[in-house]
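The structure under discussion appears below in the form of structure tokens.
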Amino acid sequence: MPLDTPCFPIKEIALEGNTFGWLARFLRPIAGQCVGKTALKQIQDAANNALIERGYVTSRVLVPTQSLQSGTLTLRVVPGRISDVRADKSTIGWLRAALPTSGGALLNQRDIDQGLENLRRLQSQSDTTFDIAPGLNPGDSELVLHPGAGKRWHAVIGTDNAGLDSTGKYELSGSFTFDSPFHLYDQLQIAGTTNANFGASDKGNQSVSANYSVPLGYAMLTLNASRSRYKQTVAGFGEPIEYSGVQSQLQAGLSGVIHRNAHARTEIHGNLFHKISRNAIDGMDLPVQHRDIIGYEMGLAHRHTIGNVVLDGSFAWRASLPGLSSNAGTVLGASDFDGKTQVELASLSAQVPFKIGGQAFSYQFGWNMQNARTPLTPSDYFTIGTRYAVRGFDQQLTLAAESGWAISNELDWYVPTPVGTQALYAGVDAGRVRGPAAQYLIGETLVGAVVGVRGNLAPKNVLGAALNYDVSLGFPLSKPQSFNTSSPTLLFQVSTLF
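Put into structure tokens, the structure is as follows:
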């Protein structure tokens, strides 16, 4: 506190019109100080900066004319409130579902940021903005919504070679997304994949899923349903043997942002799921491989930005509920398996954009971990050697066990072209699996490298369809001796968005 002449000892601070309980505590250290003209300005600035730091960007603290000889410093708080929320043109939903504030409430930038996040998650609303306009009364402001101008539906059709040789290496995929079907800024997406080997009746791989989400202010409700099946044929004694299986899953989840400021946000989530799987040989069920389980997952995720750098971290706990599950399945080597499974999941990631000589680059780091606290069935194993965990391999063979970790490192170089921005990238990944099942594997560690190009080609047709692609070459750097894989491995993914 600067020493002014004259200055007056302050015994008490009186806040007129204060609606912020924390503000009195923030100003409490001033009691006992000697305050003069310069100090008064610093106190006012500190209080206003504290309001802005907490998101109350239209609230103000004023210093009314007064005498400090009594030892009481009086400050007047002018709360910034929302007098009205309106849109400058027609909207596609009930804004109250997505915006966690309304007319009459204190205006907080965090509420506006959350509302924008809820709205912009819809592709049709990706260009949505809010303006804060002056209200009729002191401290009042109008919140003006400028809705996005995109169309409410989108379709994607794509193909890739990410499948297994045994079930169909080439795949076709498609999805349809509809924004705000119930006028709640909700979203419905239906998607499906199938193998492209239509003439091969001895193999197959199909899946279909439906996903629905609706914002509830700082919370988000999600509902998911999926079903997949596969078929593969292997040589048998005398004639081929057909293996097939069906997996279904229902899931309901609720997430909520429990903290956010200008640089960080923290979210918690909880999911309840129901999984059913069945396998067969030549059309005959294998009861020993049936599973019908109910379980849950709870987790925490945090994002922090430092300049242009984005840091993410998460932790989750996933477990089954044996008392509600009809068939927990069996675990090799665990004859006393009671259906109880417990798994810890964690992840860290960083995105670091930078420029060299005017050229745009980005370094991306990722780490994922699974730690099983109990025996697990194979469908819950941690797997490496795929395009999502330790790239550089053809995915026909993988390593999987109860626990493990994977690290990815990637450097991207963004190159603007007349038809859109393309990214040249190179990466080195590594991973390791462990657990009781690892003793049956030919190894536990993989290291791979990848180089490729991805990007989008701007629409040049009447349908307005844009082409997205990702083509890469993978190279194994370290693997078990008998772990057979192509080198190099060519992987591609192409899709068009309508």
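Just so we're aligned: the sequence shown equals residues 64 to 561 in our numbering. Note that the Cβ used here is the ideal one computed from N, Cα and C, for glycine as well.
(message) With H, G and I counted as helix, E and B as strand and the rest as coil, what does DSSP make of Lys74?
(response) Lys74 falls in the coil class under three-state DSSP.
(request) Take every Cβ of the region 145-159, pair it with every Cβ of the region 83-98, and state whether three or more of those distances are shorter than 8 Å. (result) No, because fewer than three Cβ pairs between the region 145-159 and the region 83-98 fall closer than 8 Å, the two stretches do not touch.
(request) Drop a sphere of 10 angstroms on the beta-carbon of Met283, count the other beta-carbons inside from all chains shown, and report buried for 16 or more, exposed for fewer. (result) With 16 or more other Cβ atoms within 10 Å, it is buried.
(request) Quick one: residues in its chain with C-beta nearer than 7 Å to the C-beta of Val525, no 5 flanking neighbours on either side, listed in chain order? (result) Confidence in Val525 is poor, its pLDDT being 49 and thus under 50, which makes the residue's placement too unreliable to answer from.
(request) Can you check the region 125-182 for any beta strand (DSSP E) of at least 3 residues that lies completely inside it and give the ranges in chain order? (result) Complete beta strand (DSSP E) runs here, min 3: 135-141 and 144-150.
(message) Looking only at its chain, what residues have a beta carbon closer than 7 Å to the beta carbon of Pro543, apart from the 5 residues adjacent to it on each side?
(response) Spatial neighbours of Pro543 in its own chain (CB-CB distance under 7 Å, excluding positions within 5 residues in sequence) are listed in chain order as Ile505 and Gly506.
(message) Considering Cα atoms alone, identify which of Trp476, Ser383, Val219 and Asn390 is closest to Gln427.
(response) When each option's Cα is compared against that of Gln427, the closest is Trp476.
(request) Identify, in the order they occur along the chain, each residue of the same chain with its Cβ nearer than 7 Å to the Cβ of Asp457, setting aside the five sequence neighbours on each side. (result) Cβ neighbours of Asp457 beyond the five flanking positions: Thr548, Ser549 and Thr552.
(message) Going residue by residue through the region 467-547, where are the continuous beta strand (DSSP E) segments of at least 3 residues, counting only ones entirely within it?
(response) Taking only runs of at least 3 residues, the beta strand (DSSP E) segments lying wholly in the region 467-547 are 483-497, 508-520 and 529-541.
(request) Specify whether the region 232-241 and the region 205-218 touch according to this definition: at least 3 beta carbon pairs, one from each stretch, less than 8 Å apart. (result) By the Cβ criterion, the region 232-241 is in contact with the region 205-218, since at least three pairs of Cβ atoms, one from each stretch, lie closer than 8 Å.
(request) Take Ser204 as the anchor and find which of Ala94, Leu169, Asp228 and Lys232 has the nearest alpha-carbon. (result) Ranking the options by Cα distance to Ser204, first place goes to Leu169.
(message) Buried or exposed, going by whether 16 or more other CB atoms sit within 10 Å of the CB of Ile304?
(response) Exposed is the call here.
(request) Determine the burial state of Val320: buried for a count of at least 16 other Cβ atoms within 10 Å of its Cβ, exposed for fewer. (result) So Val320 ends up on the buried side.
(message) For His209 and Asp151, which I take to be in contact (beta-carbon distance under 8 Å), what is that distance rounded to the nearest angstrom?
(response) Between Asp151 and His209 the Cβ distance is about 6 Å, and since that is below 8 Å, they are a contact.
(request) Just mark Arg173 as buried or exposed, buried being the case when its beta carbon has 16 or more other beta carbons within 10 Å. (result) Arg173 is classed as buried because its beta carbon has at least 16 other beta carbons within 10 Å across all chains shown.
(message) Tell me which residue opens and which closes the beta strand (DSSP E) that Asn287 is part of.
(response) From DSSP, the beta strand (DSSP E) with Asn287 extends over Ala282 to Val297.
(message) With H, G and I counted as helix, E and B as strand and the rest as coil, what does DSSP make of Glu302?
(response) Under the three-state reduction of DSSP output, Glu302 falls in the coil class, being neither helix nor strand.
(message) Run through the DSSP bridge pairs and tell me what Gln105 is partnered with.
(response) Its beta-bridge partners do not exist; DSSP assigns none.
(request) Keeping to the same chain, check which residues put their C-beta closer than 6 Å to that of Thr296; ignore five residues upstream and five downstream. (result) Contacts found: Asp265, Pro303 and Glu305.
(message) Which residues does DSSP list as the beta-bridge partners of Ala327?
(response) Paired residues: His367.
(request) Could you tell me if Ala391 is buried or exposed, where buried requires 16 or more neighbouring beta carbons within 10 angstroms of its beta carbon? (result) Classification of Ala391: buried, given that the 10 Å Cβ count is 16 or more.
(request) Determine the direct distance from the alpha carbon of Gly156 to that of Arg328, and round the result to whole angstroms. (result) One alpha carbon belongs to Arg328, the other to Gly156, and they sit about 25 Å apart.
(request) With a 10 Å radius around its C-beta and 16 neighbouring C-beta atoms as the bar for buried, classify Lys583 as buried or exposed. (result) There is no way to answer for residue 583, as the model of the chain reaches only from 64 to 561.
(message) Whether or not the region 528-535 and the region 429-442 are in contact is what I'm after, with contact meaning three or more pairs of Cβ atoms, one per stretch, closer than 8 Å; do they touch?
(response) No: fewer than three Cβ pairs fall under 8 Å.
(request) Consult DSSP for Glu79 and reduce its assignment to one of helix, strand or coil. (result) In the structure shown, the three-state DSSP call for Glu79 is strand.
(message) The alpha helix (DSSP H) that contains Arg88, what's its start and end?
(response) For Arg88, the uninterrupted alpha helix (DSSP H) run begins and ends at Gly84 to Leu90, by DSSP.
(request) Return the residue from the list Val534, Thr440 and Thr121 that minimises the CA-CA distance to Val513. (result) The residue with the shortest Cα to Cα distance from Val513 is Val534.
(message) Would Ala225 pass as an interface residue toward chain D - the criterion being a Cβ-Cβ separation below 7 Å?
(response) This model lacks chain D altogether, as it is built from one protein chain only.
(message) Could you compute how far the alpha carbon of Ala423 sits from the alpha carbon of Ala212?
(response) The straight-line gap from Cα to Cα measures roughly 29 Å.
(message) Rounding to the nearest angstrom, what Cα-Cα distance links Thr461 and Asn112 in this structure?
(response) If you draw a straight line from the Cα of Thr461 to the Cα of Asn112, it is about 55 Å long.
(request) Would you mind listing the beta strand (DSSP E) stretches within the region 373-406 that are 3+ residues and don't spill past its ends, in chain order? (result) Taking only runs of at least 3 residues, no beta strand (DSSP E) segment lies wholly in the region 373-406.
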